[in-house]
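Counted from 1, the sequence shown has number 98 at position 68 by the working numbering; the numbering is strictly sequential. Working notes, structure below.
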Amino acid sequence: MKPYRWMRQDPNTQDECRDCHDYSWLRKDLIPNAKIGETCAMYWVQYLGTEPPEWMQHNPNIQGFRAQTCAMYWIIFIETDPPEWMRHDPTIGAKWGETCAMFWITCCRTDPPEWMRHDPMIEGDYGATCAMYWIEFVGTDPPEWMRYPVVVQSEIVETCAMCWIIHVKTDPPEWMKHDRYIRDKQGRTCAMYWIKFVGTDPLEWMRHDPTIGAKWGKTCAMYWTEYVHAEPPQWMIA
């Protein structure tokens, strides 16, 4: 189905519901629930699930609803590698920082195409890296290009090791392991994650000074009592 010729517009034009626009009444009537900022190509991909006609194709860097590009729409709704004209700098992120590679991992759950790959330390939603998306949605050791050295960032949500413990619930791969005293922004250590999500005695490399508490002073022994409902192992008792 093709739009009538009179409906066609500059493909780079994005949907805007401005009262001062000569045709705003028409847009509101035809698309009453229009999302601010989407182009015709984005609508085409979202609702028809095929490549838009050539006249709709536009600059790949244009970002629509939630700052998503056409390539991101394609990955989310069609789940294949976007056409050449949609491809853009892989570091461009959506509203919360998610890149095409992150959307690919979430939706397709395979290794992203070469053009999408970027610095593994780029963060998306809630500070998650591609490796963390992979751990959550695929549940295996991330591909080599996603791996990075353990660093402590000021607003870190969790490390890859912590993410692995949450979703895979086994001993993390060697490259993810880090100093037992590294904490997330809530002050929680790997040992605390292990107690909460695995429910057994933390592994030797995770154990630390039992007097160390998380953000509200909760120690490993307190986590154990809350989640395991048993007497804590001897090393947790100060």
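Every residue, glycine too, gets a C-beta built ideally from N, C-alpha and C. Since we're looking at a predicted model, the values are computed, not measured.
| Asked | Found |
| --- | --- |
| Can you tell me the Cα-Cα spacing of Thr136 and Ala268, whole angstroms? | 42 Å |
| If you reduce the DSSP assignment to three classes, tell me which class Thr140 lands in. | coil |
| Could you tell me which whole alpha helix (DSSP H) segments of length 4 or greater appear in the stretch 174-208? | 190-197 |
| Can you give me the Cβ contacts of Tyr257 inside the same chain, cut-off strictly under 8 Å, excluding the 5 residues immediately before and after it? | Ile225, Lys226, Gly229 |
| If you follow the alpha helix (DSSP H) that Tyr73 is in, where does it begin and where does it stop? | 70-78 |
| Among the candidates Thr189, Thr219, Gln98, whose CA atom is the shortest distance from the CA of Glu166? | Thr189 |
| What is the rounded straight-line gap between the Cα of Val180 and the Cα of Leu233? | 19 Å |
| Between Pro240, Arg139, Thr110, Met162, which has its C-alpha nearest Val187's C-alpha? | Met162 |
| Need the endpoints of the alpha helix (DSSP H) that Ala269 sits in, please. | Here the chain comprises residues numbered 31 to 268, so residue 269 is not present and cannot be evaluated. |
| Specify the secondary structure class of Glu256 as computed by DSSP and reduced to three states. | helix |
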